[in-house]
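Per this note's numbering: the sequence shown = residues 44 to 298.
Only one structure is covered here, and it is reproduced in the block below.
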Amino acid sequence: MSEARHKIEYVLFDMDGLMIDSERVLTEVNDAIIGRYGHDYTWDIKSAIMGKSEREGVEWLFNRFPDIPLSMDEFITERRARQDALWPTCQPLPGITKLVKHLAKHKIPMAVATGSNPRNYNSKAVHHPELFDLFEGKVICGDQPHLKGRGKPRPDIFLLAAELLGRKVGEGDVSSLDAETEEGKALIEERARGLVLEDSTNGLEAGQRAGMKTIWVPDENLRALAPNETYGADCILESLEQFKPEEWGLPPYDS
44 MSEARHKIEY VLFDMDGLMI DSERVLTEVN DAIIGRYGHD YTWDIKSAIM
94 GKSEREGVEW LFNRFPDIPL SMDEFITERR ARQDALWPTC QPLPGITKLV
144 KHLAKHKIPM AVATGSNPRN YNSKAVHHPE LFDLFEGKVI CGDQPHLKGR
194 GKPRPDIFLL AAELLGRKVG EGDVSSLDAE TEEGKALIEE RARGLVLEDS
244 TNGLEAGQRA GMKTIWVPDE NLRALAPNET YGADCILESL EQFKPEEWGL
294 PPYDS
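And the structure:
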């Protein structure tokens, strides 16, 4: 059995591109819309938007392509309509169902922290109750009022998700905490007991700024942009099928 790297007590999941292959839909729809105006939705553009809330992502896109003759609301309305028709085609990614069911079986606290808003989250999750019902409603979405627009790569979404699980993690970047004080040290230690699973670099940065352990599971196209870059991840996996719970102080799989 592999030696544990860390003692993890709770696990936080991104959704799009980590749990289900919905990033495929996002790419197809964004490319179709901006393609009308002579632009391509390339992976370098996609990588900058991944993990952001819906409106933050569209705002970034409009700053990149100011000649798109649509308002942000018009863009979002069309994109939602196109996406809604395609969400039923999304499937769980390899290894995710096994992992979530395993953590639920062993009563390991877990939550979803996604840049999707509640509407889009529900539109996707409703097709996979066998997976998302196991989170028992413990979900933080990118436009949560408490976030106040501070989505990924800021740490707030993962801190709020940890609070949903009853963990006392405080606020702000881990770098802002004073390790010399008893309170600061306790908050740092509590954050380090959390594990963040992400496919985006924005989400990975958010997990690190939260002071949690991070596993990066990037799409091969994202990885190809900078093949030798780790972005500070504690571990990089090609698929969650490679995840070994015992390496993180979690109960091992039965087989």
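The beta-carbon is built from N, C-alpha and C at its ideal position, and this holds for glycine as well.
All figures in this text were calculated on a predicted structure; none of them were measured in a lab.
Best match in the options for proximity to residue i [C-alpha to C-alpha]
{"i": "A156", "options": "K256, P198, G215, K228", "result": "P198"}
{"i": "G185", "options": "P131, S96, G275, L177", "result": "S96"}
{"i": "I88", "options": "L265, F286, W291, P270", "result": "L265"}
{"i": "G250", "options": "L203, A269, E281", "result": "L203"}
{"i": "A205", "options": "R193, V182, S218", "result": "V182"}
Residues near residue i by beta carbon distance below 6 Å, same chain, minus five either side
{"i": "R122", "result": "V72"}
{"i": "G246", "result": "D57, G94, K195"}
{"i": "I63", "result": "C133, P135"}
Contact check, residue i vs residue j, beta carbons under 8 Å
{"i": "L174", "j": "T140", "result": "yes"}
{"i": "G248", "j": "P196", "result": "It should be noted that the sequence gives Glu, not Gly, for residue 248. For E248 and P196, yes; Cβs fall inside 8 Å."}
{"i": "S243", "j": "G100", "result": "no"}
{"i": "G213", "j": "L207", "result": "no"}
{"i": "P152", "j": "L283", "result": "no"}
{"i": "T49", "j": "W291", "result": "Looking at the sequence shown, residue 49 is not Thr but His. A contact, by the Cβ cut-off of 8 Å."}
{"i": "G60", "j": "D216", "result": "no"}
For residue i: DSSP bridge partner residues
{"i": "K256", "result": "L238"}
{"i": "Y53", "result": "G237"}
{"i": "T157", "result": "C184"}
{"i": "E135", "result": "It should be noted that the sequence gives Pro, not Glu, for residue 135. P135 pairs with I63."}
Residues near residue i in its chain [Cβ-Cβ closer than 7 Å; skip 5 each side]
{"i": "T273", "result": "I279"}
{"i": "A222", "result": "K228, I231"}
{"i": "L293", "result": "I51, I151"}
{"i": "E233", "result": "R210, K211, V212"}
{"i": "D297", "result": "none"}
Residues of its chain near residue i, where Cβ-Cβ distance is below 8 Å and the 5 sequence neighbours each way are ignored
{"i": "Q126", "result": "V68, L69, V72, N163, S166"}
is_contact[residue i, chain B] using C-beta, thresh 8 Å
{"i": "D74", "result": "The question asks about chain B, but that chain is absent: this structure has only one protein chain."}
Review point. Can we say the segment 48 to 61 touches the segment 105 to 112, given the rule of at least three CB pairs closer than 8 Å?
Key: With the cut-off at 8 Å, the segment 48 to 61 and the segment 105 to 112 do not touch.
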